[in-house]
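Q: If you scroll down you'll find the structure; I have some questions about it.
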Amino acid sequence: MVDVNSTTPIHQVVIVGGGFGGLYAAQSLGRAPVQVTLIDKRNFHLFQPLLYQVATGTLSPADIASPLRGVLSKNKNTKVLLEEAVDIDPEQQTLKLLGEEIRYDTLIVATGVSHHYFGNDHWEDKAPGLKTVEDALEMRRRIFMAFEAAEKETDPQKRQAWLTFAIAGGGPTGVELAGAIAELAHNTLKEDFRNIDTTEAKILLLEGMDRILPPYPPELSAKAEKSLHELGVSVQTNSLVTNITEDAVTVRRKEGEEIIPTRTLLWAAGVKASGMGEILAQRTGVERDRAGRVIVEADLSVPGYPNIFAIGDLAHFAHQDGKPLPGVAPVAMQQGEYVAKVIQNRFKQKEYPPFHYVDFGSLAVIGRHAAVVDLGFIQFSGFIAWLFWVFVHIYFLIEFDNKLIVMIQWGWNYFTRKRGARLITGEKGKMLLEIKGGGDYHLPEAEKETLEV
1 MVDVNSTTPI HQVVIVGGGF GGLYAAQSLG RAPVQVTLID KRNFHLFQPL LYQVATGTLS
61 PADIASPLRG VLSKNKNTKV LLEEAVDIDP EQQTLKLLGE EIRYDTLIVA TGVSHHYFGN
121 DHWEDKAPGL KTVEDALEMR RRIFMAFEAA EKETDPQKRQ AWLTFAIAGG GPTGVELAGA
181 IAELAHNTLK EDFRNIDTTE AKILLLEGMD RILPPYPPEL SAKAEKSLHE LGVSVQTNSL
241 VTNITEDAVT VRRKEGEEII PTRTLLWAAG VKASGMGEIL AQRTGVERDR AGRVIVEADL
301 SVPGYPNIFA IGDLAHFAHQ DGKPLPGVAP VAMQQGEYVA KVIQNRFKQK EYPPFHYVDF
361 GSLAVIGRHA AVVDLGFIQF SGFIAWLFWV FVHIYFLIEF DNKLIVMIQW GWNYFTRKRG
421 ARLITGEKGK MLLEIKGGGD YHLPEAEKET LEV
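Just so we're aligned: 111 in the numbering used here is position 111 of the sequence shown, and the numbers increase by one with no gaps anywhere.
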């Protein structure tokens, strides 16, 4: 705890980012003799591993989000600022925000990553990624709008384009999205429409490498592909997206290029470090990798600046086996807790060993009751893996009420196959324009209202 009667200036720890890394660092410093300031552009922590369930109508955003102030309310040495960091002065030890400038003694940067379009940033409007609540709501809008537009379309070819869903990227996010959309089309929605048969929807999973889930053992990748095939997903490996338009995606394969008519392309193919990585590089001279991640020391500090740490997806940590750690939640959690221990040991003038990531395994869900799990010493798939996936995700949700709500929602959805969060939100005029196929159609200003959840 902070000694309020002490005349010695209190050590100021500033954390930028309220994701897994930043939040776990703040929680671990709750009883340390420091003043903690957690800064984030959002007032909530988002459980990103379940964003795809918001995008496909299984959960609502509030089910997987927790207010930062509420989570940290018992940490009396911690305050939360709803702000955005825009610059750093490492010599003066100050952090510049949009509205003010604050001093730090120790700085922890945990700002994560954003979508990476590999030099084709103009694709972003046509192929949304999945990193924020807004991303998930935009995906949800596009997915359900596609079925609505197909219901109105009389031209068979245009209707099929609306009923073709392409997902770029065969990692865990792409696999989970593909499986969830297939379940929507083949189960949840099949009785809801009158002019279309939703089971005729095509779900394409496009992966540039020779198998999906590349970090997983080959046998689990094969089992995942088989499960997706049983759900009705067409897995297309060695397929690189080379162009995206409003109504088609171009894919390059060994045999040549193919133009696939589709009105819905979702991006799960790559990530890049947030803008804070570039700012750190400019101000400290730290090197970054090709994805913009900061190459950190063995204790996660920035080279030459032992009081600045980069953790989570922003950090390139390759001291363990020569390979950078994956950008997954457990890495960020462990790094947040580790940095908190380093800071506390420095007060005691004790050395702390280098960071060592304990890999408890990888898991990805595929549809209603199938998943793949790699725990290192054992790999398994199917229903048992799905149950394991369910309990792991429930366990790591931050607040008790979130755990309870998600458990109830999943139980209800499992037995009824219904999804209660199938809301289309956004600008009404934009929605109708999409259904009408664009062109010169314009709504009166009075009708361009915004719909909210």
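Positions of the beta carbon are idealized from the N, C-alpha and C atoms, including for glycine. This structure is a prediction, so every number in the text was calculated from the model and none was measured.
Going by C-alpha distance, which of Gln344, Glu399, Met333 is nearest Phe20?
A: Taking only the C-alpha atoms, the option nearest Phe20 is Met333.
Q: What residues match up with Ser362 in a beta bridge as DSSP calls it?
A: Asp374
Q: With DSSP as the reference, identify every bridge partner of Asp89, one or two as the case may be.
A: Thr94
Q: Just the Cα atoms here: how many angstroms apart are Lys96 and Leu107?
A: 12 Å
Q: Spell out a yes or no on whether the region 84-104 and the region 43-56 are touching, meaning 3 or more CB-CB pairs, one atom from each, closer than 8 Å.
A: no
Q: If you drop the 5 nearest sequence neighbours on each side, which residues of the same chain put their C-beta closer than 7 Å to that of Glu153?
A: Arg159, Trp162
Q: Sort out for me which residues DSSP pairs Ser234 with in a bridge.
A: Leu204
Q: If you drop the 5 nearest sequence neighbours on each side, which residues of the same chain put their C-beta closer than 6 Å to that of Trp123?
A: Tyr117, Ile244
Q: Buried or exposed: which applies to Gly304, given that a residue is buried once 16 or more other Cβ atoms fall within 10 Å of its Cβ?
A: exposed
Q: Can you grab the Cα-Cα spacing for the pair Ala421 / Tyr352, in whole Å?
A: 47 Å
Q: Contact defined as beta carbons within less than 8 Å: I believe Gly285 pairs with Val113. What is the distance between those atoms, to the nearest angstrom?
A: The pair is not a contact, with the Cβ atoms about 22 Å apart (cut-off 8 Å).
Q: Alpha carbon to alpha carbon, what distance is there between Gln27 and Glu219?
A: 38 Å
Q: Using a threshold of 6 Å, is the CB atom of Tyr357 nearer than that to any non-hydrogen atom of the ligand HEM?
A: Inclusion of the ligand HEM in the displayed structure is not the case, the ligand content being empty and no account of it being possible.
Q: Can you tell me whether Pro172 is buried or exposed, with buried defined as 16 or more other CB within 10 angstroms of its CB?
A: In this structure Pro172 is buried. Its beta-carbon is surrounded by 16 or more other beta-carbon atoms within 10 angstroms.
Q: With DSSP run on the structure shown, which of helix, strand or coil describes Val328?
A: coil
Q: Taking DSSP's pairing of strands, which residues face Tyr216 in a bridge?
A: DSSP output for Tyr216 lists no bridge partner at all.
Q: Counting only runs that start and end within the region 30-63, where is the beta strand (DSSP E) found for 3 or more residues in a row?
A: 34-40, 44-46
Q: Is the beta carbon of Gly232 less than 7 Å from the beta carbon of His186?
A: Between Gly232 and His186, the C-beta spacing is below 7 Å.
Q: Do three or more CB pairs link the region 70-88 to the region 31-38 at distances below 8 Å?
A: yes
Q: What are the boundary residues of the alpha helix (DSSP H) that includes Leu68?
A: 68-71
Q: Is the distance from the Cβ of Phe383 to the Cβ of His369 below 7 Å?
A: Judged by beta-carbon spacing, His369 lies within the 7 Å limit of Phe383, meaning their Cβ atoms are closer than that value.
Q: Suppose you measure from the CA of Pro214 to the CA of Ile143; what does that come to, to the nearest Å?
A: The alpha-carbon of Pro214 is positioned some 26 Å away from that of Ile143.
Q: Starting from the Cα of Leu266, find the closest Cα among Arg283, Ala248, Gln379 and give me that residue.
A: Ala248
Q: For Thr262 and Arg31, what's the separation of their Cα atoms in angstroms?
A: 54 Å
Q: Can you tell me whether DSSP reads Glu452 as helix, strand or coil?
A: Annotation note: pLDDT 32 at Glu452 (below 50); position unreliable, coordinate value reported separately. Glu452: coil per DSSP, three-state reduction.
Q: How is the alpha helix (DSSP H) around Gln349 delimited, first residue to last?
A: Here Gln349 belongs to no alpha helix (DSSP H), and DSSP marks it neither H nor E.
Q: Within the continuous alpha helix (DSSP H) that includes Thr173, where are the two ends?
A: 172-183
Q: Following the continuous alpha helix (DSSP H) through Gln157, name the residue where it begins and the one where it ends.
A: 156-162
Q: Within the chosen definition, does the region 224-242 reach the region 250-257 through at least 3 CB pairs nearer than 8 Å?
A: Touching, yes, given that three or more Cβ pairs across the two stretches are closer than 8 Å.
Q: For Ile259, count neighbouring C-beta atoms within 10 Å of its own C-beta (all shown protein chains included) and say buried if the count is 16 or more, exposed if not.
A: Residue environment analysis places Ile259 among the exposed positions, since fewer than 16 neighbouring C-beta atoms fall within 10 angstroms of its C-beta.
Q: Suppose contacts are defined by Cβ-Cβ distances below 7 Å. Is Arg290 in contact with Ala281 by that definition?
A: no
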